[in-house]
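Have a look at the structure below before the remarks.
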Amino acid sequence: MYSISIDSIGVYHRPAARKYELSRQPDHKSLSLGRIELFPKKNFEQALEGLSEFDRIWVVFSFDKSVGWNPKVRPPRGKKKIGLFATRSPHRPSSIGMSCVQLKGVSGRFLDVQGADLLDNTPILDIKPYIPYCDSFPDAKAGWVDSIMDSNYELRWSSLAIEQKDFLYSHGVFFSDYVF
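Below, the structure written as structure tokens:
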């Protein structure tokens, strides 16, 4: 095994500080807004030149709060354990993750993003533009995920639950980010 050292280039900020406050996958329809702060005095402002012309970016980060890993895991929607590398579990041997997020704006060394599944203070390792012609393969097979995507579930909200959600939303608590 080779040992490598990677320096983070910045940090992610958002209100969610605990893993149960996040969706399990990046949610591009989510209202969850966050901000990537790149470290000062590294000329990152120059490195960001041209990035604001992209709608989406790949954010490479460290699962810094993840402890340990197992070679087989049970995915949230799965019924049986499968190999770790066939899942998106955050508990990985290298602790490296990546998310495709919507880029809302670039200002100096700050990037405003939407739909990320990162916790507050997550170390950022790299940023790359999302390029549709080479990053999207709609006809690609997705293994075990294909079989569960055929299952449709209907979610019914009571009028009280909708009222409570609307109340929270009107008071700045975006509970729906974690439910829908």
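Take the position in the sequence shown, starting the count at 1, then add 285; the result is the number in my numbering.
Even glycine gets a Cβ: it sits at the ideal position worked out from N, Cα and C.
For residue i, the three-state DSSP class (helix, strand or coil)
i	result
K389	strand
F346	strand
S337	helix
S384	strand
K366	coil
I433	helix
P300	coil
P417	helix
D451	helix
Other residues of its chain near residue i: CB distance less than 8 angstroms, five sequence neighbours each side excluded
i	result
L336	I342, L388, V391, L396, I412 and P414
W442	K450
K357	K366, I367, G368 and L369
Own chain residues within Cβ distance below 7 angstroms of residue i, not counting five before or after
i	result
F465	Caution is warranted here: a pLDDT of 46 is assigned to F465, below 50, making its placement in the model unreliable, and no coordinate value can be reported.
D268	Lying before the first or after the last residue shown, residue 268 is absent from the chain, which here runs from 286 to 465.
For residue i, the nearest candidate out of the options (CA to CA)
i	options	result
G400	K350, K357 and V344	V344
D292	L410, W429, L323 and L453	L410
S384	K426, K357 and T407	T407
V458	L333, D420 and S317	S317
W429	L445, L404 and G368	G368
P501	D402, I294, E334 and F339	Because the chain here runs from 286 to 465, residue 501 falls outside it and cannot be looked at.
V386	K327, I416, K426 and S444	I416
F370	K326, S444, L440 and A427	A427
Cβ pair residue i, residue j closer than 8 angstroms
i	j	result
K365	R359	yes
R394	E338	no
S351	S380	yes
F348	G382	yes
I447	V398	no
Neighbour-count burial assignment, residue i, 16 or more Cβ in a 10 Å radius
i	result
G319	buried
Y297	buried
F346	buried
F324	exposed
D462	Residue confidence is low: D462 scores 49 on pLDDT, short of 50, so the model does not pin down where it sits. Its coordinate-derived value is still stated next. Result: buried.
I289	exposed
L404	buried
Own chain, CB closer than 6 angstroms to residue i, minus 5 neighbours either side, in chain order
i	result
W354	H376, R377 and P378
R362	I433
Below-8 angstroms beta-carbon distance, residue i vs any chain D residue
i	result
D424	Within the model displayed, chain D is absent; a lone protein chain is all it includes.
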